[in-house]
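Heads up: the sequence lines are chains A and B, in that order. So for the first sequence, this note's numbering puts the first residue at 1; every next one is plus one. So for the second sequence, this note's numbering puts the first residue at 77; every next one is plus one. For each residue, glycine too, the CB sits at the ideal point set by N, CA and C.
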Amino acid sequence: MKTLKDLHQPGQRAEIVDVTGDDAVAVRLMEMGLTEGAEIQLVGFAPLGDPIEFLIRGYRLSLRKAEAARVAIEVL
Amino acid sequence: MSSASPSTAGPITVAVIGNPNTGKSTLFTALTGIHSRIGNYPGVTVEKKIGKFQFNDREIRLVDLPGTYSLSPRSLDEMVSVEVLLGRQAEVGKIDVVVCIADASNLERNLYLTSQILDLGLPTVLVLNMWDVAVSRGITVHVAELSQKLGIAVIPCEAHRHRQIDDVKRAILTAAGQSVSAPPRVFPPEFYEEGLRLQSILKGWGDPDVPFYVAERMLLDVGGQVESSFTARFPAQLPDELNAARERLKTNGFRVPSAEAKVRYAWVRETLTGVLTVPPERPATRSDRLDQWLTHRTWGLVAFAVIMFLVFQSISTFASPLMGYCEMGQQAIGDYVGSWMSPGPFRSLVVDGVIGGVGGILVFLPQICFLFLFIALLEDCGYMARAAFLMDKLMTKVGLSGKSFVPLMSSFACAIPGIMATRTIENRRDRMVTILVAPLMSCSARFPVYTLMIVAFIPNVTWLGGWISLHGLLFFGMTFLGAAIAIPVAWLFKKTLFRGETPPFVMELPGYKWPSPHIVLNRVYDRARAFVTRAGTLIFATSILIWAASYFPADHSRQYQIEDQIEQTRATVQSELSQHNELEKAIKALPEDDTAQKEVLEQKLAELQPRLEPLNKLLEEKNVISETLLEKSYLGRFGMMIEPVVKPLGWDWRIGVGVLASFPAREVIVSTLGTIYSLGGDVDESHSGLHQALQNSKWQDGRPVYTIPVALSIMVFFALCAQCVSTLMVIRRETNSWKWSLFTFAYMTALAYIGALATFQIGTWMIAR
Numbered sequence: 001m002k003t004l005k006d007l008h009q010p011g012q013r014a015e016i017v018d019v020t021g022d023d024a025v026a027v028r029l030m031e032m033g034l035t036e037g038a039e040i041q042l043v044g045f046a047p048l049g050d051p052i053e054f055l056i057r058g059y060r061l062s063l064r065k066a067e068a069a070r071v072a073i074e075v076l
Numbered sequence: 077m078s079s080a081s082p083s084t085a086g087p088i089t090v091a092v093i094g095n096p097n098t099g100k101s102t103l104f105t106a107l108t109g110i111h112s113r114i115g116n117y118p119g120v121t122v123e124k125k126i127g128k129f130q131f132n133d134r135e136i137r138l139v140d141l142p143g144t145y146s147l148s149p150r151s152l153d154e155m156v157s158v159e160v161l162l163g164r165q166a167e168v169g170k171i172d173v174v175v176c177i178a179d180a181s182n183l184e185r186n187l188y189l190t191s192q193i194l195d196l197g198l199p200t201v202l203v204l205n206m207w208d209v210a211v212s213r214g215i216t217v218h219v220a221e222l223s224q225k226l227g228i229a230v231i232p233c234e235a236h237r238h239r240q241i242d243d244v245k246r247a248i249l250t251a252a253g254q255s256v257s258a259p260p261r262v263f264p265p266e267f268y269e270e271g272l273r274l275q276s277i278l279k280g281w282g283d284p285d286v287p288f289y290v291a292e293r294m295l296l297d298v299g300g301q302v303e304s305s306f307t308a309r310f311p312a313q314l315p316d317e318l319n320a321a322r323e324r325l326k327t328n329g330f331r332v333p334s335a336e337a338k339v340r341y342a343w344v345r346e347t348l349t350g351v352l353t354v355p356p357e358r359p360a361t362r363s364d365r366l367d368q369w370l371t372h373r374t375w376g377l378v379a380f381a382v383i384m385f386l387v388f389q390s391i392s393t394f395a396s397p398l399m400g401y402c403e404m405g406q407q408a409i410g411d412y413v414g415s416w417m418s419p420g421p422f423r424s425l426v427v428d429g430v431i432g433g434v435g436g437i438l439v440f441l442p443q444i445c446f447l448f449l450f451i452a453l454l455e456d457c458g459y460m461a462r463a464a465f466l467m468d469k470l471m472t473k474v475g476l477s478g479k480s481f482v483p484l485m486s487s488f489a490c491a492i493p494g495i496m497a498t499r500t501i502e503n504r505r506d507r508m509v510t511i512l513v514a515p516l517m518s519c520s521a522r523f524p525v526y527t528l529m530i531v532a533f534i535p536n537v538t539w540l541g542g543w544i545s546l547h548g549l550l551f552f553g554m555t556f557l558g559a560a561i562a563i564p565v566a567w568l569f570k571k572t573l574f575r576g577e578t579p580p581f582v583m584e585l586p587g588y589k590w591p592s593p594h595i596v597l598n599r600v601y602d603r604a605r606a607f608v609t610r611a612g613t614l615i616f617a618t619s620i621l622i623w624a625a626s627y628f629p630a631d632h633s634r635q636y637q638i639e640d641q642i643e644q645t646r647a648t649v650q651s652e653l654s655q656h657n658e659l660e661k662a663i664k665a666l667p668e669d670d671t672a673q674k675e676v677l678e679q680k681l682a683e684l685q686p687r688l689e690p691l692n693k694l695l696e697e698k699n700v701i702s703e704t705l706l707e708k709s710y711l712g713r714f715g716m717m718i719e720p721v722v723k724p725l726g727w728d729w730r731i732g733v734g735v736l737a738s739f740p741a742r743e744v745i746v747s748t749l750g751t752i753y754s755l756g757g758d759v760d761e762s763h764s765g766l767h768q769a770l771q772n773s774k775w776q777d778g779r780p781v782y783t784i785p786v787a788l789s790i791m792v793f794f795a796l797c798a799q800c801v802s803t804l805m806v807i808r809r810e811t812n813s814w815k816w817s818l819f820t821f822a823y824m825t826a827l828a829y830i831g832a833l834a835t836f837q838i839g840t841w842m843i844a845r
């Protein structure tokens with residue numbers, strides 16, 4: 001299964017399939033709108049390649065690689 | 077459900093809540109003006125901000141709650157908002173209306189919080205702020221339909237332009253006391269059954285007043301604040317009950333905790349169908365184009381460095397002269413007031429204690445105001461989130477996040493605004509560690525100490541044709557010593573005191589906007605006022621205390637006699653004195669090669685000397701007396717008592733007294749050393765007489781006190797020690813606990829002692845070899 005961490009090309013789009021885990025991090029990600037079926041787009045990377053910037057539900061969100069790896073996606 | 081109507085005459089209490097970056101504080105200020113009271117909720121670090129305004133003859137109290145993406149408390153701090161909303165916060169009282177503010181250009185995510193708020197069953201007004209931004213992005217919201225679907229008033233608003241503010245006020249007034257339609261039942265019926273069941277179980281255990289929303293949170297938040305506080309009360313029964321309830325929900329296809337977000341976002345989608353239209357392609361806004369540069373992998377860093385440089389450059393350009401004026405003003409006022417009083421303990425208290433104490437507070441204000449001006453500007457325009465984004469990877473190496481960078485960077489000018497700026501760090505552990513290490517950053521008050529020691533004791537060797545100097549290298553090294561030590565310290569704190577899983581770095585990058593001058597200035601005013609009123613009083617008290625310790629119990633009558641004589645003598649040589657000063661100024665202004673003119677002026681100066689001789693003699697005598705008095709004071713006695721403690725650092729009792737006196741404010745060391753070496757307290761760090769006095773200072777056996785290792789050990793001590801009452805007071809204010817001020821003081825003093833000890837011992841050993 002691919003995750004958000006596997007997106008490399010700015011502009012690439014994906015659909016969220018699942019957020020793995022039941023801990024506070026997973027809940028936080030879902031509260032920010034990373035839920036099943038939502039569309040997400042890669043915007044870019046910070047200078048050292050981490051964190052990563054995404055566009056979701058019409059706003060920009062930055063996630064660390066560790067968190068991005070928790071979000072299972074289907075590349076569109 | 078309905079809420080009891082508030083009595084028609086009494087004030088209406090309104091809670092304001094919303095996502096971060098929705099312009100909540102802009103709306104708050106637009107509604108209340110600058111009249112707000114700031115405090116802390118008991119036991120937590122959350123700031124309590126309450127404002128008031130009148131509308132249609134009704135008084136409306138506005139309670140500002142911290143910006144949040146969701147109302148599912150994970151800590152005591154986050155629990156405060158829930159308690160306030162449920163009317164369980166005694167200092168706030170019952171909430172009559174909730175104003176939920178949402179970003180109209182980002183409605184989908186914002187309505188998540190709104191959906192939780194609706195579950196509270198309180199009269200609610202939804203304010204769609206930044207309406208203009210939404211319009212410019214081609215987003216349309218059918219307000220009337222949304223209002224009908226949600227069953228609450230929905231008001232579009234542009235708070236930063238003060239538009240539709242009266243509409244918001246009117247809606248608050250209408251909503252107060254209105255009956256509330258039942259909140260939308262977003263969850264499956266089984267969930268509500270479990271909630272009611274839990275309520276009745278808790279009633280059976282002796283807690284009949286659990287609101288439904290609390291029961292809801294208990295079921296939904298696995299390991300959340302509600303669950304842990306109730307488990308602490310019913311440790312034997314509750315965990316089993318909760319597990320069983322969650323298990324039953326799971327068999328019905330409702331899996332806690334992931335179900336809540338899914339269900340609520342599905343509800344949001346459904347609610348917005350036919351209400352919200354968004355252009356299919358998000359148009360590239362000006363903000364997006366700007367971001368291509370400002371968060372670029374290379375140019376983003378360049379831009380960040382330039383911005384930080386400009387901030388610090390302007391602080392040294394604008395704030396430093398103002399600080400100079402503050403000091404001069406304090407001196408002038410002290411002299412003026414002193415001239416109206418006869419010498420005595422009362423004059424000393426007023427001039428040295430009171431005026432000195434007030435001056436010691438005010439001198440921080442220019443830096444605090446300027447730093448906060450920049451921090452508020454960067455925050456309000458949206459750049460602060462980018463700074464955190466750019467710096468995050470670097471900061472994770474010490475276990476912190478990008479959000480700690482700017483507060484720590486600001487601490488290089490002054491730790492006080494740096495610590496106050498940590499409010500943007502929402503994770504408590506990260507925020508605490510940042511607060512605790514911020515005072516290690518080399519602030520501007522350490523500079524005089526470094527200057528004094530380096531210029532007096534370190535030979536100025538230069539290399540590469542003067543491009544690199546030993547002085548410069550040492551300044552550089554001392555400036556970054558604290559920051560270098562802060563890295564392992566922060567790491568250690570994260571591993572011991574503030575252990576826990578790494579908090580997620582889930583951060584919104586809001587669109588850029590022009591900062592609102594009103595908001596920015598208001599924030600600067602807020603912080604400056606908080607510093608002066610809440611920290612200032614205690615700083616003042618400490619100054620008086622140190623004054624008393626250095627004044628009593630010695631007999632000051634001889635000093636006053638001399639001071640009287642000085643004033644009388646000064647009056648008789650008024651014109652000579654002013655001539656003397658003008659000649660000195662003229663000599664200074666001369667070009668270096670004009671030796672002929674210089675000789676003429678110096679000759680004139682020498683001719684004046686005999687007339688000034690009696691005055692100078694008296695001044696010298698006064699300085700000698702001041703030294704003896706200080707030696708005999710409680711402070712001096714204490715300094716001598718602790719000489720065995722500071723001796724391993726290479727210090728004599730004089731340095732010990734200087735360091736003791738500078739615990740309230742480190743820059744005081746320079747004037748204390750001036751007094752101790754009989755030069756008077758008016759010396760500054762570049763005073764050549766002070767340099768000489770230090771160089772000539774001897775132990776009883778004739779060895780010089782100050783050697784290079786001693787100078788280094790003093791500098792290391794000052795680099796690492798928490799000699800700043802103001803910082804400690806601000807830590808108390810921000811953490812809402814004395815414990816952390818004391819802890820900071822203790823750990824930094826220990827670090828400073830060990831550092832100075834190691835420096836002196838290793839330095840001496842190396843020289844001996």
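Close beta carbons around residue i, own chain, < 8 angstroms, minus the five adjacent residues each side
| i | result |
| --- | --- |
| B/Ser78 | Confidence at B/Ser78 is low in this model, with a pLDDT of 41, below 50, so the placement of that residue should be treated as unreliable; the coordinate-derived value is given next. So the qualifying residues of the chain are Ser255 and Val256. |
| B/Val439 | Met399, Cys402, Glu403 and Gln406 |
| B/Phe388 | Phe488 and Ala489 |
| B/Tyr665 | The displayed chain sequence assigns Ala, not Tyr, to residue 665 of chain B. Once the five neighbours on either side are set aside, B/Ala665 has no close Cβ partner at all. |
7 angstroms Cβ shell around residue i - same chain, five flanking residues per side excluded
| i | result |
| --- | --- |
| B/Leu296 | Ser148, Val332, Pro333 and Glu336 |
| B/Ser81 | Low local confidence applies: a pLDDT of 47 at B/Ser81 is under 50, so the model's placement there is unreliable, with the coordinate-based value given in what follows. So the list reads Gly253, once near-sequence residues are dropped. |
| B/Gln655 | Leu684 |
| B/Ile444 | Cys490, Ile492, Pro493, Arg603, Ala604 and Phe607 |
| A/Asp18 | Glu36 and Ala72 |
| A/Arg64 | Asp50 and Pro51 |
Proximity winner among the options, relative to residue i (alpha-carbon distances)
| i | options | result |
| --- | --- | --- |
| B/Ala828 | B/Thr645, B/Glu269, B/Ala822 and B/Leu796 | B/Leu796 |
| B/Ser626 | B/Phe552, B/Val744 and B/Val721 | B/Val744 |
| B/Leu226 | B/His238, B/Gly197 and B/Trp207 | B/Gly197 |
| B/Gly494 | B/Thr89, B/Arg603 and B/Trp369 | B/Arg603 |
| B/Ile126 | B/Asn116, B/Pro284 and B/Gly612 | B/Asn116 |
Residue range of the alpha helix (DSSP H) that includes residue i
| i | result |
| --- | --- |
| B/Leu684 | Thr671 to Lys708 |
| B/Lys225 | Val219 to Leu226 |
| B/Pro493 | Ala491 to Met496 |
| B/Cys402 | Ser396 to Ser415 |
| B/Thr776 | The sequence shown places Gln at residue 776 of chain B, not Thr. It is not in any alpha helix (DSSP H) - B/Gln776 carries neither H nor E in the DSSP assignment. |
| B/Val387 | Trp375 to Ser390 |
| B/Pro720 | Glu719 to Val722 |
Cβ neighbours of residue i in the same chain (closer than 6 angstroms, five flanking residues each side left out)
| i | result |
| --- | --- |
| B/Phe846 | Within the shown structure, residues of chain B are numbered from 77 to 845, placing residue 846 of chain B beyond reach of any answer. |
| B/Gly831 | Val792 and Leu796 |
| B/Val354 | Ile215 |
Supposed close pair residue i, residue j - CB separation, criterion 8 angstroms
| i | j | result |
| --- | --- | --- |
| B/Val820 | B/Pro740 | Residue identity differs from the one stated: residue 820 of chain B is Thr in this sequence, not Val. About 15 angstroms; that fails the 8 angstroms criterion. |
| A/Gly33 | A/Pro10 | Actually they do not touch by this definition, with Cβ atoms about 20 angstroms apart. |
Where the beta strand (DSSP E) containing residue i begins and where it ends
| i | result |
| --- | --- |
| B/Ile114 | Ser112 to Asn116 |
| A/Tyr59 | Tyr59 to Leu63 |
| B/Gln130 | Glu123 to Phe131 |
With a threshold of 8 angstroms, are at least 3 pairs of Cβ atoms found where one atom belongs to the segment 373-389 of chain B and the other to the segment 463-482 of chain B?
Yes, they touch.
Three-pair Cβ contact test at 8 angstroms for the segment 418-438 of chain B versus the segment 541-552 of chain B:
no
Could you say if the segment 774-783 of chain B and the segment 546-565 of chain B meet the contact criterion of at least three C-beta pairs nearer than 8 angstroms?
No, because fewer than three Cβ pairs between the segment 774-783 of chain B and the segment 546-565 of chain B fall closer than 8 angstroms, the two stretches do not touch.
At least 3 beta-carbon pairs within less than 8 angstroms: the segment 335-349 of chain B vs the segment 179-188 of chain B:
yes
Are the segment 265-278 of chain B and the segment 238-245 of chain B touching by the rule of at least three beta carbon pairs closer than 8 angstroms?
no
May I ask you to verify whether the segment 470-477 of chain B touches the segment 500-511 of chain B, counting CB pairs closer than 8 angstroms and requiring at least 3?
yes
Can you confirm whether the segment 454-464 of chain B touches the segment 361-372 of chain B when touching is taken to mean that 3 or more C-beta pairs between the two stretches lie within less than 8 angstroms?
yes
Between the segment 131-142 of chain B and the segment 87-98 of chain B, can you find at least three pairs of beta-carbon atoms closer than 8 angstroms?
yes
Three CB pairs or more closer than 8 angstroms across the segment 762-770 of chain B and the segment 645-662 of chain B
In short, these stretches do not touch, since the Cβ pair count stays below three.
Inter-stretch contact (C-beta, 8 angstroms, three-pair minimum) for the segment 201-208 of chain B and the segment 172-179 of chain B
yes
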